[in-house]
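Engineer: Input: one structure, supplied below.
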Amino acid sequence: MTDFKTMLADPSRNIVAPGIYDAMTALLAEQAGFDCLYLSGASIAYTRLGRPDIGLVSASEVIATIELITDRIDLPVIVDGDTGFGNAMNAQRTVRGFERAGAQAIQIEDQSFPKRCGHLAGKTLIGKDEMAGKIRAAVDARETDRLRIIARTDAIAVEGFDVALARAEAYADAGADVLFIEAPRSIEQMDAIAERFSGRIPLLANMVEGGMTPVTSAQELHDRGFRLVIFPGGAARAMLRQAQAYYASLKDNGSNAPFRDRMADFDELNDVIGLSQMLNAAKQYE
-3 MTDFKTMLAD PSRNIVAPGI YDAMTALLAE QAGFDCLYLS GASIAYTRLG
47 RPDIGLVSAS EVIATIELIT DRIDLPVIVD GDTGFGNAMN AQRTVRGFER
97 AGAQAIQIED QSFPKRCGHL AGKTLIGKDE MAGKIRAAVD ARETDRLRII
147 ARTDAIAVEG FDVALARAEA YADAGADVLF IEAPRSIEQM DAIAERFSGR
197 IPLLANMVEG GMTPVTSAQE LHDRGFRLVI FPGGAARAML RQAQAYYASL
247 KDNGSNAPFR DRMADFDELN DVIGLSQMLN AAKQYE
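Using my numbering, you'd call the opening residue of the sequence shown number -3 and step up by one each time.
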């Protein structure tokens, strides 16, 4: 397995990280051929709590999810660390816990707590200096520099584009390994971000269907100067439509028969999740 730090070190590499929220989605993304994954805090809120992304997920719930995912797949996992779940000292504890659980990168943002999805209105921010201190604390807390620290600013929506760039500069100076300037409103803003930073530090672009940023292909974003592209909530939104259709069909028909051609059968599911391999492995212990 190529680690995430090595991937980032290659400027020619177009890193595409699909959003996942549990071991099953991680396994399916791995089987689809991706070489890096993004554990979305929003998607954990959607699927584990059935709630919106407004700061309800706890650090321990994220750590438990990381552990289940990294026990099942071998790909590097980037993890959404929200605000670090508190101040600089909380952020250090979060970094240590995520790293022990198997994360290879942690994203920390400059929203105040409780945070909310980066494409929702009504966000508030902590001070630039406080966030820079939080980044320094995260860097100091990691066991090895294999763990990458991603600094995210949500300042475009709150303080404007120029302030967001200034905040990103401060976070890079504080030791961040990747910059994530959330929710640019146009291709022109994305180009300005890339022009200012791409030659110095890897940049992350976030593609959210229906969000503030124009949805663009990973290759086009790479060509514009973004090293890493995430699609954090896509799997949850795809699951939503499929599950709604399934449950509606079952309620209307009292049977799965009308939906059968849109479902995996018993054997197909067990094949995908590796039943035969586990049974064969168990034989050596009988």
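We put the CB at the ideal spot given by N, CA and C, even for glycine.
Are the CB atoms of I11 and L271 nearer to each other than 8 Å?
Structural biologist: no
Engineer: Which parts of the region 191 to 243 are runs of the alpha helix (DSSP H), unbroken and 4 residues or longer, counting only runs that do not cross its ends?
Structural biologist: With a minimum length of 4 residues, the continuous alpha helix (DSSP H) runs that stay inside the region 191 to 243 are 214 to 220.
Engineer: Using the Cα positions of I40 and P254, report the straight-line distance between them to the nearest angstrom.
Structural biologist: 31 Å
Engineer: Where does P210 land, buried or exposed, given buried means 16+ other C-beta within 10 angstroms?
Structural biologist: exposed
Engineer: Relative to the C-alpha of I122, which candidate in D141, Y167, I69 has its C-alpha closest?
Structural biologist: Y167
Engineer: Looking at the secondary structure, which residues open and close the alpha helix (DSSP H) in which Q103 lies?
Structural biologist: Note, Q103: premise wrong, no alpha helix (DSSP H); beta strand (DSSP E) at 101 to 105.
Engineer: Since D136 is in the alpha helix (DSSP H), which residue starts that stretch and which ends it?
Structural biologist: 124 to 137
Engineer: Around the Cβ of G37, are there at least 16 other Cβ atoms within 10 angstroms (buried) or fewer (exposed)?
Structural biologist: buried
Engineer: Can you look up P254 in the DSSP assignment and give me helix, strand or coil?
Structural biologist: Three-state DSSP puts P254 in a helix.
Engineer: From the DSSP output, in three-state form, read off G15 for me.
Structural biologist: strand
Engineer: When we look at the beta-carbon of V268 and count the other beta-carbons within 10 Å, is it buried (16 or more) or exposed?
Structural biologist: exposed
Engineer: DSSP has V75 in a bridge; who is on the other side?
Structural biologist: V75 is bridged by DSSP to L35, I102.
Engineer: Output the distance between the C-alpha atoms of E155 and E105, rounded to the nearest integer angstrom.
Structural biologist: 15 Å
Engineer: Would you list the residues sitting across from T149 in a DSSP beta bridge?
Structural biologist: I177
Engineer: Taking C-alpha atoms, which residue in A13, A162, T149, L52 lies nearest to G230?
Structural biologist: For G230, the closest C-alpha among the options A13, A162, T149, L52 is that of A13.
Engineer: Who are the Cβ neighbours of M90 in its own chain at under 6 Å, not counting the five residues just before and after it?
Structural biologist: According to the sequence provided, residue 90 is Thr. The question's Met does not apply to it. Within the same chain, T90 has close Cβ partners A55, G77, G80, F81.
Engineer: Pull the bridge partners of L121 from the DSSP assignment, please.
Structural biologist: Q107
Engineer: Between which two residues does the alpha helix (DSSP H) holding A28 run?
Structural biologist: Premise fails: A28 is in no alpha helix (DSSP H) and is neither H nor E.
Engineer: Using the Cα positions of V174 and L200, report the straight-line distance between them to the nearest angstrom.
Structural biologist: 7 Å
Engineer: Can at least three beta-carbon pairs, one atom from the region 175 to 190 and one from the region 136 to 144, be found at a separation below 8 Å?
Structural biologist: no
Engineer: I want to know whether the region 65 to 72 touches the region 117 to 131 - three or more CB-CB distances under 8 Å.
Structural biologist: no
Engineer: Closest Cβ-Cβ distance between S56 and chain C: below 8 Å?
Structural biologist: Protein chains in the displayed structure number just one, and chain C is not present.
Engineer: When you compare only the Cα positions, how much space is there between T21 and A162?
Structural biologist: 36 Å
Engineer: Using the Cα positions of Y17 and A60, report the straight-line distance between them to the nearest angstrom.
Structural biologist: Inter-residue distance for Y17 and A60 is about 11 Å (C-alpha atoms, whole angstroms).
Engineer: Have a look at Y242 and D248 and give me their C-alpha separation to the nearest angstrom.
Structural biologist: 10 Å
Engineer: Using a Cβ-Cβ cutoff of less than 7 Å, which residues in the same chain neighbour A307 once the five nearest sequence positions on both sides are dropped?
Structural biologist: Since the first residue of the chain shown is -3 and the last is 282, residue 307 is not available in this structure.
Engineer: Looking only at its own chain, which residues have a Cβ that is under 8 Å from the Cβ of L4, when we skip the five neighbours before and after it?
Structural biologist: I11, R144, D173, V174, P198, R223, L224
Engineer: Taking the Cβ atom as the reference point for each residue, do V297 and V75 lie within a distance shorter than 8 Å?
Structural biologist: This structure cannot speak to residue 297, because the chain is shown only from -3 to 282.
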